[in-house]
Structure formats: structure tokens, C-alpha cells
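Residues are numbered in this note's numbering as their position in the sequence shown, beginning at 1, plus a constant of 657.
Glycine included, each C-beta is placed from N, C-alpha and C at the ideal position.
Remember, predicted model here, so these are calculated numbers, not experimental data.
The structure appears right after this line, and notes come after that.
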Amino acid sequence: DDIRQSEGFKNVSLGNVLSASAPTEKITFLSEEDSELFRAFRAKSFEVQVAIHELLGHGSGKLLREEAEGRLNFSINEVVHPLTGG
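Printed below as a string of C-alpha cells:
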């Protein structure tokens with residue numbers, strides 16, 4: 658866990674988990690129409706879910722943080738706001 662504390666999140670992909678499921682698997686809790694949508698977007702939505710989990714779940718507050726004694730683990734003058742670019 659030390660690497661997560663000092664470096665933040667890790668980069669992972671669990672695409673092999675999806676490919677392990679049977680392509681003809683019956684999805685019992687969805688209508689046929691919804692099953693088609695589910696199959697069409699299953700892999701892409703899973704990748705987004707994993708990315709959000711890693712970035713927000715493991716990364717938030719760990720890459721840029723202020724230590725207890727007030728020392729920052731980054732240069733405040735080099736930080737770029739992700740939405741404004743400023």
C-alpha cells in the first residue's frame with residue numbers, strides 16, 4: 658500500500674473478465690431489447706467503470722496532498738486546473 662500512498666492509483670484493465678463470459682449467455686433479468694443494448698455497451702461501460710473506480714476510488718486525494726506538518730507533496734506553482742486549464 659505504500660506505493661498507493663506515495664504515487665496514487667495504478668493502471669489496470671480487466672477486459673479479460675468480460676471475454677471469459679459466454680457470448681450466448683441468457684440474461685434473465687432484462688427484456689430482449691434491453692439485452693441487445695447490454696451486450697452492445699457491456700465492454701465499454703465496464704472499462705469506464707474500472708477507470709472511474711481507479712481514478713476516484715484509489716487516486717483521489719493521494720496524488721496531490723498536504724502532509725500533517727503542512728508540506729505539500731507537489732509544486733503548487735505547477736498545478737493545472739483540470740477544468741479551466743489555469
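Straight-line gap, residue i to residue j (C-alpha atoms, nearest Å)
{"i": "E689", "j": "V737", "result": "46 angstroms"}
{"i": "F698", "j": "V707", "result": "14 angstroms"}
{"i": "L713", "j": "E735", "result": "22 angstroms"}
{"i": "G727", "j": "E693", "result": "53 angstroms"}
{"i": "D691", "j": "P739", "result": "35 angstroms"}
{"i": "A725", "j": "I733", "result": "17 angstroms"}
Own chain, CB closer than 6 angstroms to residue i, minus 5 neighbours either side, in chain order
{"i": "L721", "result": "F731"}
{"i": "E723", "result": "L729"}
Other residues of its chain near residue i: CB distance less than 8 angstroms, five sequence neighbours each side excluded
{"i": "L687", "result": "F695"}
Reduced DSSP category for residue i - H, G, I as helix; E, B as strand; rest coil
{"i": "L729", "result": "strand"}
{"i": "E711", "result": "helix"}
{"i": "E735", "result": "helix"}
Residue i CB to nearest heavy atom of the ligand ZN below 7 angstroms
{"i": "E726", "result": "Judged by which ligands are present, the structure shown has none, so any question about the ligand ZN falls away."}
Sheet register partners of residue i (DSSP bridge)
{"i": "E723", "result": "L729"}
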